[in-house]
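Asks:
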Amino acid sequence: MTEEISLKTKILMILSVCISLLVLLTSSDTFSHGVVFVLLGILSIIVALLGIFAAIMILLRKRNIGTFLLKIFSITGMLYSLMYMLIDVGTRGVFFGFFIIWLIIFILNKPTKNDQFEEMPKGKYLKLNWIVLVVLIIVVLTIVYIWVIDWEGKAKIMSSPNGGGISVFRQEGVLTDITVICDGAFVYDVSELKEDLLAEVTVKMIAPSANISILSNTTGKILLRILNMQENAIKVNRNEKNIDKINYDDFWNSSDEQQLIEFPISGTFLLEEKGSKTMLDVKANDETVIEIPAVESKDPLRIVVFSDTHSAQFIYMSVLAEFLDKKPNFVVWAGDITNNGYSIEFLIASAIAESYPLQVFTTMGNHDIWNRGDKYYNVYFGPYYYSFEIKDTKIIILDTSKGLIGDSQFDWLYRELKDNTNNHTIIISHMPPIDTLSGNFDTSENLHPEMSNTIHIKSESEYLIKLMNEFHVDAYIAGHTHQQGAIKINDTLIATSGALGGTVLPGDNVGYIILDVDEEGVHLENIDVMSVEEVNSNKIQDNLHAARVFVLPVIINKSIRIASTILLFLILSIVLYFLKDKLIYRK
């Protein structure tokens, strides 16, 4: 006679399989983060296999083996989640939730009334019923809400970005559906219906020129805001028929779109977003295309590249004014925009970029992905890698924030280089493929990317250099090393820009790079801003202000969560006290 599987055992099986799959999903990217995370990745596979194998044993009616494996699975899982919470702050909330689930599995794995009751010795046993199940589910969901859901205020510059840094965004409303498609820009925000407008659409440019397509199922007016743009005309095309140039407000300065943001050291600044406001008359199901051409001039292309600011506004805020005197076409912020990847750091950096008179293009650094900062980068600065063309020059922005490039990005890079018809090509990223001072690969399979001065995988660096040689890339500009250096490999100039941040050491260079591109090629100039001693002389004051601006909100946030958790367990204890007769079966 086949033994029937109890409800409690079925729940244990489902929980074990689900958390095993979740562990595999959440730790799938650990193998690219150095030896410590590789070990965690291996441990996650072992833990997941234990959970799945335990469920299989229970299905096969091998209860003793299944119960034993579940005990090992729950204990190992709790230890694994504690290890992960200590190492990776960014996923602490998720793995705290996992810890609670493993604790529940451990408790439910204890013998109960229905587990071969006639063979069990006298004593107290857990009794599972729907009331206890409801209480446990509420507790788990509440803990997830407290620790996993992002409580940080949806800080905004113009609005709370809901586009998520994507080029295609569709918003389905009660009356109006709006689709926005961007090329050379990304969707920053699409607001809800208000007053006499169908919507307010905000996009942020990631190239000197862009095309924006808007399709609505309703006739009416849409207010289009374009951020990070040059001052130039906008053409509106509808059904491929050119319409006369429309009027718009150049670089608006209305008081309702200003805000005060407090910066460490630099004090309080009144920031005004730059861009254009355009009122569009759209027809139902009639695509409207907005063309934003790049500003044309006969002067050679000039680019300013700076990096590794690490949220040290007291340095780079003063240097931004200096950039204007150099008269570049645009500036590139080449990674380590933040120091810890906190959303408030990205908020301040985005506010600075939006108020700056020149276009600012960015790439991620290794510090920007701390604490899952890549999701905030995506919201405020858009895609992780992209390209554009200007003045017969192809500019390619690569993502090396994790110390590697990866197959998909290499495939994209190969196509970009192969299809390139411009006379000049410049690649800008955070990590260089080779040390620009020694000319060596500073790589090791056993090092975390943070410990290396170059791209982490030597074979990737070699392949990147091969591609640059094959397609005649003029220059590869990076940051990360905090040092200014340049080396030529074949015909490609590989250079690092120094740092404009507060985390500098003796031997580092505090400065930036100017690139000039003309018919003869790419010319590089290193600009020194201040000495390391000058930076460090302001460091104590800067750290005090940074602690007030960045650290205190985090501490307060954690305190609220800790207090909420304590309160939850107090409430749970009271509830369990009154439910003890229903929870425990006495024999």
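Mapping of the sequence shown onto the numbering used here: residues 29 to 615, in sequence order. Using N, Cα and C, we set each Cβ at its ideal position, and we do this for glycine too. Treat the numbers as computed from the prediction; the structure is a model and nothing was measured.
1) So what does residue 510 bridge to, in DSSP terms?
2) Would residue 394 pass as a contact of residue 429 if the rule is Cβ separation under 8 Å?
3) Taking the DSSP output, what are the residues bridged to residue 240?
4) Quick check on residue 274: does DSSP put it in helix, strand or coil?
5) In angstroms, rounded to a whole number, what distance separates the CA positions of residue 256 and residue 321?
6) Where does residue 597 sit, in a helix, a strand or coil, going by DSSP?
7) In the DSSP assignment, find the alpha helix (DSSP H) that holds residue 443 and state where it starts and stops.
8) Can you tell me the Cα-Cα spacing of residue 416 and residue 204, whole angstroms?
9) Once DSSP output is grouped into helix, strand and coil, what is the label at residue 353?
10) Do residue 389 and residue 347 have their C-beta atoms closer together than 8 Å?
11) Mark residue 242 as exposed unless 16 or more other C-beta atoms lie within 10 angstroms of its C-beta, in which case mark it buried.
12) Do residue 366 and residue 327 have their beta-carbon atoms positioned less than 8 Å apart in this structure?
13) Give me the Cα-Cα distance between residue 597 and residue 603, rounded to the nearest whole angstrom.
14) Is residue 525 near the ligand ATP, with its Cβ less than 7 Å from a heavy atom?
15) Just to check my reading of the structure: residue 316 and residue 362 have Cβ atoms closer than 8 Å, yes? What is that Cβ distance to the nearest angstrom?
16) When you compare each of 454, 525 and 482 to residue 504 by their alpha carbons, which one comes out closest?
17) With residue 15 and residue 249 assumed to form a contact (beta carbons below 8 Å), what rounded beta-carbon distance in angstroms separates them?
18) Any idea if residue 36 is buried or exposed, counting beta-carbon neighbours within 10 angstroms, 16 or more meaning buried?
19) Let me know the secondary structure DSSP gives residue 469 once reduced to three states.
20) What residues in its chain sit with their C-beta under 7 Å from that of residue 245, if we drop five residues either side in the sequence?
21) If you reduce the DSSP assignment to three classes, tell me which class residue 549 lands in.
22) Buried or exposed, going by whether 16 or more other CB atoms sit within 10 Å of the CB of residue 595?
23) Taking 6 Å as the limit between beta carbons, can you name the residues of its chain near residue 181, skipping five residues before and five after?
24) Can you tell me where the alpha helix (DSSP H) with residue 401 in it begins and where it stops?
25) CA-CA distance, residue 490 and residue 461?
26) Relative to the C-alpha of residue 132, which residue among 112, 122 and 106 is closest?
27) Measuring CA to CA, which of 215, 495, 502 and 258 is closest to residue 236?
28) From residue 291 to residue 378, what distance separates their C-alpha atoms?
29) Just tell me which of 99, 380, 331 and 400 has its CA closest to the CA of residue 354.
30) What do you get for residue 591, buried or exposed, if any count of 16 or more other CB atoms within 10 angstroms of its CB means buried?
31) Can you round the beta-carbon distance between residue 468 and residue 497 to whole angstroms, since I take them to be within the 8 Å contact cut?
32) Rounded to the nearest angstrom, what separates residue 90 and residue 599 at their Cα positions?
33) What separation, rounded to the nearest whole angstrom, lies between the Cα atoms of residue 335 and residue 457?
34) Comparing C-alpha positions only, which one of 514, 247 and 528 sits nearest to residue 543?
35) Just to confirm my understanding: we take residue 81, look at its own chain, exclude 5 residues before and 5 after, and list those with CB closer than 7 Å. What are they?
36) Can you have a look at residue 46 and say buried or exposed, based on whether 16 or more other CB atoms are within 10 angstroms of its CB?
Replies: In this structure, then:
1) Residue pairing for residue 510: DSSP places it in no beta bridge.
2) Yes.
3) Residue 240 is bridged by DSSP to 210 and 318.
4) Because the pLDDT at residue 274 is just 34, under 50, the model does not fix this residue reliably, and the value given afterwards should be weighed accordingly. If DSSP states are grouped into helix, strand and coil, residue 274 belongs with coil.
5) 13 Å
6) helix
7) 435-446
8) Between residue 416 and residue 204, the C-alpha separation is close to 33 Å.
9) helix
10) no
11) buried
12) no
13) 10 Å
14) With respect to small molecules bound, the structure shown includes none, and the ligand ATP cannot be examined in it.
15) So it is not a contact: roughly 35 Å between Cβ atoms.
16) 454
17) This structure gives no information on residue 15, because the portion of the chain shown stretches from 29 to 615.
18) buried
19) Reduced to three states, the DSSP call for residue 469 is coil.
20) 204, 205, 312 and 313
21) strand
22) exposed
23) Bear in mind that a pLDDT of 35 at residue 181, under 50, signals an unreliable position, so the number given afterwards is only what the model happens to contain. Taken in chain order, the list of residues that qualify is empty.
24) 401-409
25) 8 Å
26) Comparing Cα positions, the closest option is 106.
27) 258
28) Low local confidence applies: a pLDDT of 33 at residue 291 is under 50, so the model's placement there is unreliable, with the coordinate-based value given in what follows. Going from the Cα of residue 291 to the Cα of residue 378 covers about 13 Å.
29) Among 99, 380, 331 and 400, the Cα nearest to that of residue 354 belongs to 331.
30) Exposed is the call here.
31) Going by Cβ atoms, the distance from residue 468 to residue 497 rounds to 18 Å, so no, they are not a contact pair.
32) 38 Å
33) 10 Å
34) Cα-wise, what sits closest to residue 543 is 514.
35) 97
36) exposed
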